[in-house]
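Each remark here refers to the structure printed beneath this line.
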Amino acid sequence: MTNTYILPEWNRLLGEIKDNRGIVFLLGATHSGKSTLTKFLAETLSREGEKVALLDGDIGQSIFGPPTTLSLAFLPNPTESLGAIQPHFRYFIGSNTPSGHFLPMIVGLKKLVDKAFQFGYHITIIDTTGFVSGGAAVELKRRKLELLQPRHIVALQLNREVEDILHGLPPGPAHTIHRLPVSPKARIKSPEERQAYRQKKYAEYFHDLKEYEFELKKVRLWGRHYLPESNLANQVAVPGLLIGLNDAENFSLAIGILQELNMKEGKIRLLAPPTNQKEVQILQFGVIRITPLGKDQPVAFGQ
Ligand SMILES: Nc1ncnc2c1ncn2[C@@H]1O[C@H](COP(=O)(O)OP(=O)(O)O)[C@@H](O)[C@H]1O
Ligand SMILES: [Mg+2]
């Protein structure tokens, strides 16, 4: 955080969050500084003795990583560097953009927010994707706000990028909208920089891989492109495809990389960081494959 330029509004916001603890929802276009402000709020509040949970809801430019996954981290108190924290719960989406994946985004966010609350974290800061423009984005963000009922909505805007979302919210005592300017230090990253950032996050996550084999009949297989009864099973047999290894609650134990799906033998082989295989109840096929060079590439499935 050493190079972070702290706007006077940020310190005021800290005070208002401490006066009224609850969910803090960051809203803003890509490059508006959401993740920078999220980290500042989480680190400062934690250092000041608050119990803070950080929910990384950006499945593309994730703070914690790996991309494709929502992560919830409980901050140590006093905090170490955010980079050193291992998320306590993860929810696998399987895509690096929310388009086409609104339902898992909504379900996962809600389940993670509930976890933070169950564990006694009364301040949960939610970083989000910059997907804010157009009807579908406005719909997704409004429904998230409807479901999660944040106390604080922090809107970072250069112009009026998130006003369409905010206009949909009835006034009331339940939430405060904090309209903040974009920091003059906020910088637009090129698509190449964003790809390189994701690549680094995958590399960190996948640095130590083990091979696992599962019998298909012993696990439940999720993903809308795997429907054996409808003859849609073979289309996910894409080496490199990301696969969520999920527990009985459908939280992610690990993210794996598909090696082979052998329908005839009823077996699936994948690589994943060390995981307790016995806990894996659900395997969820994603829609992204990791190329041999470590880049992520969307896979175009039939339907
Ligand atoms: N207040 C700030 N001080 C210094 N750099 C900033 C600040 N806000 C944003 N940046 C820089 O601008 C870029 C985009 O900010 P980021 O927080 O990643 O935006 P978002 O999460 O909304 O996409 C990053 O490189 C970040 O370091
Ligand atoms: Mg961000």
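Counting with this note's numbering, you get residues 716 to 1018 for the letters of the sequence shown. Where a beta carbon is used, it is the ideal one built from N, C-alpha and C, also for glycine.
What does the alpha-carbon distance come out to for the pair residue i and residue j?
i: I838; j: P906; result: 33 Å
i: I958; j: P723; result: 43 Å
i: V767; j: A757; result: 6 Å
i: F921; j: L769; result: 22 Å
i: L973; j: L855; result: 30 Å
i: I880; j: K925; result: 44 Å
i: K932; j: G981; result: 7 Å
i: K1010; j: R1004; result: 8 Å
i: Y912; j: K904; result: 10 Å
i: G850; j: F740; result: 20 Å
i: H746; j: P888; result: 30 Å
Could you check whether the Cβ of residue i sits closer than 7 Å to any heavy atom belonging to ligand 1?
i: Q974; result: no
i: Q776; result: yes
i: A799; result: no
i: K826; result: no
i: H893; result: no
i: A901; result: yes
i: K856; result: no
i: S786; result: no
i: K733; result: no
Following a CB-centred definition, is residue i positioned closer than 7 Å to any heavy atom of ligand 2?
i: K859; result: no
i: K916; result: no
i: S750; result: yes
i: D962; result: no
i: D1011; result: no
i: D773; result: yes
i: D829; result: no
i: D923; result: no
Relative to the C-alpha of residue i, which residue among the options is closest?
i: I774; options: P813, L873 and L998; result: P813
i: I1020; options: Y806, L790, G809 and S761; result: Residue numbering for the chain in the displayed model covers 716 to 1018; residue 1020 lies beyond these limits and cannot be assessed.
i: Q992; options: Y920, L968 and T753; result: L968
i: T751; options: L797, I732 and G737; result: L797
i: E994; options: E765, N961, K859 and G764; result: N961
i: I840; options: L873, A918 and L742; result: L742
i: Q950; options: E975, R875, D842 and I732; result: E975
i: I997; options: I778, A768, Y941 and I1005; result: Y941
i: Q776; options: L924, E908 and P988; result: E908
i: T844; options: P988, R902, D771 and N977; result: D771
i: E928; options: T784, A987 and N874; result: A987
i: V828; options: R805, H816 and G809; result: R805
i: R1086; options: L873, N874, Q872 and P885; result: Lying before the first or after the last residue shown, residue 1086 is absent from the chain, which here runs from 716 to 1018.
i: F966; options: G737, P802 and S945; result: P802
i: I970; options: T783, I778 and E876; result: T783
i: G748; options: G815, I738, D842 and T759; result: D842
i: A935; options: A963, F755, L956 and P954; result: According to the sequence shown, residue 935 is Arg rather than Ala. Here the closest residue by C-alpha is A963.
i: L860; options: L873, K830 and V822; result: V822
Let's test the definition: count the other Cβ atoms within 10 Å of the Cβ of residue i and tell me whether it reaches 16, buried, or not, exposed.
i: H882; result: exposed
i: I983; result: buried
i: L818; result: exposed
i: L862; result: exposed
i: F1000; result: buried
i: M820; result: buried
i: N811; result: buried
i: E765; result: buried
i: A918; result: exposed
i: F834; result: exposed
i: P781; result: buried
i: S945; result: exposed
i: T1006; result: exposed
i: K695; result: This structure cannot speak to residue 695, because the chain is shown only from 716 to 1018.
i: D923; result: exposed
i: D734; result: exposed
From the DSSP output, which residues share a beta bridge with residue i?
i: R805; result: S786
i: W937; result: Q999
i: T839; result: I738 and A768
i: V869; result: L741 and H893
i: F929; result: I983
i: S967; result: N961
i: N977; result: K982
i: Q950; result: Looking at the DSSP assignment, Q950 forms no beta bridge with any residue, so it has no partner.
Looking at residue i and ligand 4, is the gap between the Cβ and the nearest heavy atom below 7 Å?
i: T812; result: Among the ligands modelled here, namely ligand 1 and ligand 2, ligand 4 does not occur.
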